[in-house]
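These notes concern the structure reproduced below.
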């Protein structure tokens with residue numbers, strides 16, 4: 001049946017497109033592209049003395065992806081772990097070879113942080129693809145303007161505002177594993193002249209039974225599919241006084257439950273749940289060379305997890321007694337403000353800024369079997385940060401110099417741990433407050449040898465604050481127990497970088513970057529006694545790598561009906577991340593960081609034409625290890641995936657020009673491989689997604 005549906009869709013997609021429809025997807029690349037993430041002010045992309053990449057709304061539409069993090073994984077220097085595809089309960093996206101810690105890459109949504117103070121993680125599933133206007137990715141340390149987490153770089157996801165008096169879009173999608181997704185948006189403006197009141201509402205629903213990720217020969221009677229159910233709604237409204245002055249407010253509510261593939265007695269089995277509500281207010285001001293921005297935000301997440309296990313036994317009582325269940329509930333709160341003011345004086349753009357952030361973790365683990373036990377952990381972190389930055393232009397903008405310095409002062413406070421678990425009661429404590437500070441400089445320069453040839457140099461320092469979970473939580477972890485470390489300090493990273501951009505032809509762009517980083521006080525688990533570990537500042541890491549990028553539009557200057565747009569891209573990343581010093585574990589010195597491939601590459605083409613638009617890509621991820629000791633049995637084999645998407649407007653019948661049909665495929669060749677992080681879990685294999693979109 002599915003094969004018949006696919007053939008029918010291909011038949012519809014093969015009908016001719018009018019030339020105007022084929023041309024609609026061609027973005028205007030002649031306009032100067034502006035970015036805000038690198039300096040927290042709007043600047044031309046080409047003038048940034050560093051490596052910044054942009055994924056536009058059109059790029060997202062064309063990509064064969066289901067989530068935002070999958071789209072970002074196509075850029076050089078990025079590495080994504082999403083072992084169960086769209087149904088993964090945890091996704092980790094990192095930049096520049098900093099291991100499998102999401103907290104070492106700062107993720108922003110409309111300029112405010114998404115990383116939690118508890119775990120440093122980001123709930124990528126709650127970002128509705130329909131809300132995204134563009135994504136800006138700044139590679140390399142950016143603590144000089146952002147402070148905490150910005151070690152590997154910054155990812156800023158910028159959401160849409162309505163552009164017309166009335167607009168809307170509804171789409172429904174069906175996937176291989178009986179996945180159903182429904183997305184809808186509606187927006188309005190009282191004026192299209194960037195003035196007046198505007199509003200926008202979006203909603204997203206995802207219901208997927210999932211698949212059994214455990215290989216068939218290793219499944220038990222408790223193995224079930226790793227399902228996901230999710231509902232998200234976002235409301236956004238504002239008033240534009242003019243192009244420089246505006247105010248807006250938005251609220252997002254997200255609720256999701258993700259199964260982990262095992263069910264014994266508990267409803268939904270082993271699973272995780274997230275219930276998140278977030279507010280954000282934004283004020284933009286501009287007057288006679290002055291610009292200002294104020295962001296205020298509040299995020300409240302209630303996280304819960306159910307874990308259960310059992311040992312099969314012929315004796316009924318032994319079978320019952322072996323059952324274990326633990327329910328965990330954690331409340332996470334993040335709130336703060338980010339503000340900066342800029343002034344242009346001749347060749348100078350001078351910026352000052354101030355940020356405040358407060359994070360809270362309040363968690364409890366309950367054992368529901370045998371003797372009722374509990375363990376509670378609580379803690380807060382407060383951070384004040386201020387920065388200054390100056391961008392100078394010399395010799396008719398041939399030389400651009402950027403320097404910045406930021407000071408952060410952080411306090412972890414109100415931390416305590418309590419439990420009635422007999423083996424852990426000795427760790428019950430109310431912890432003393434702990435304060436530390438950081439200076440984060442950045443110096444960089446870019447020189448244009450010609451209009452089409454430039455090079456840049458940079459040095460930057462960055463840090464990551466300790467996680468509340470590592471400072472205040474004691475409990476189970478894989479392989480034993482972990483105990484809290486309230487004196488844990490921040491990690492530090494110093495990076496030197498060089499890069500060049502060259503456009504030998506109007507339709508060919510080449511770029512390359514090389515970097516060397518030294519990390520100090522890196523946080524690692526150290527065995528403090530048999531079966532018990534503690535996170536400590538003990539490690540030094542050295543990272544060096546390079547990124548190469550190419551974009552080619554061979555038919556840019558030709559007026560050919562079937563080649564309204566044909567572009568090719570390719571990128572390659574080499575990254576060597578090794579432990580350079582570890583006094584507590586000399587056996588780890590010289591070993592590669594886990595979940596950090598040395599080689600990765602992406603390539604593909606986009607072809608818009610009168611019949612069917614299409615994009616096909618190849619993603620290659622090289623060999624890596626799932627543990628720090630780099631043992632052979634923890635090697636994750638290299639793999640390459642072929643992905644693709646075809647789509648067209650259904651303009652062969654009345655009102656069809658408001659409808660679009662698409663078919664996307666991930667892992668077209670159905671390559672099955674094991675991701676060691678997912679225990680013995682298999683990736684989902686080939687996935688097809690059929691989507692119908694209606695626009696007005």
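In UniProt numbering, the protein residues as written are 1 to 696.
From the three backbone atoms N, C-alpha and C, an ideal C-beta is built for every residue, glycine too.
Name the DSSP bridge partner or partners of residue i?
i	result
residue 430	416
residue 34	44
residue 713	Examination of residue 713 is not possible in this model, given that the chain is present from 1 through 696 alone.
residue 92	81
residue 129	Its beta-bridge partners do not exist; DSSP assigns none.
residue 443	403, 459
residue 165	Partner(s): none; residue 165 has no beta bridge.
residue 181	173, 206
Distance, Cα to Cα, residue i vs residue j?
i	j	result
residue 444	residue 147	17 Å
residue 420	residue 366	10 Å
residue 520	residue 76	25 Å
residue 732	residue 119	Since the first residue shown for the chain is 1 and the last is 696, residue 732 is missing from the structure and cannot be characterised.
residue 398	residue 551	24 Å
residue 483	residue 428	10 Å
residue 42	residue 501	21 Å
residue 576	residue 489	25 Å
residue 188	residue 236	11 Å
residue 633	residue 594	13 Å
residue 204	residue 230	8 Å
residue 396	residue 347	9 Å
residue 103	residue 361	16 Å
residue 143	residue 463	7 Å
residue 249	residue 191	19 Å
residue 82	residue 88	6 Å
residue 160	residue 166	14 Å
residue 34	residue 46	9 Å
residue 378	residue 370	25 Å
residue 486	residue 286	44 Å
Would residue i be called buried (16 or more neighbouring beta carbons within 10 Å of its own) or exposed?
i	result
residue 696	exposed
residue 687	buried
residue 316	exposed
residue 684	buried
residue 125	buried
residue 221	exposed
residue 289	exposed
residue 476	exposed
residue 90	buried
residue 646	buried
residue 430	exposed
residue 114	buried
residue 312	exposed
residue 73	buried
residue 592	buried
residue 215	exposed
Could you work out which residue in the options is closest to residue i when comparing CA atoms only?
i	options	result
residue 473	36, 79, 32, 418	418
residue 526	517, 516, 538	538
residue 374	446, 692, 328	328
residue 304	139, 268, 570	268
residue 405	145, 32, 53, 58	145
residue 516	322, 212, 315, 97	97
residue 193	629, 205, 162	162
residue 228	580, 180, 128	180
residue 277	254, 569, 259	254
residue 596	411, 256, 630	630
residue 226	178, 217, 245, 244	178
residue 546	51, 641, 101, 31	51
residue 411	436, 402, 293	436
residue 387	350, 362, 47	350
residue 154	40, 81, 234	40
residue 301	314, 274, 584, 442	274
residue 582	280, 214, 522, 562	522
residue 447	38, 49, 36, 31	49
residue 258	241, 549, 206, 233	206
residue 136	107, 116, 295, 263	107
When you compare the CB of residue i with every CB in chain E, is at least one pair closer than 7 Å?
i	result
residue 378	Absent from the structure: chain E. Only one protein chain is present.
message: Extract the residue ranges of the beta strand (DSSP E) inside the segment 609-657, only unbroken runs of 3 or more that lie entirely within it.
response: 613-621, 639-649
- prompt: In the segment 206-259, which residue ranges form an unbroken beta strand (DSSP E) of at least 3 residues, counting only runs that do not cross its ends?
  reply: 228-240, 246-259
field: Within the segment 498-530, ranges of the beta strand (DSSP E) (whole runs, at least 3 residues)
entry: 508-529
message: Going residue by residue through the segment 279-348, where are the continuous beta strand (DSSP E) segments of at least 3 residues, counting only ones entirely within it?
response: 290-309, 324-345
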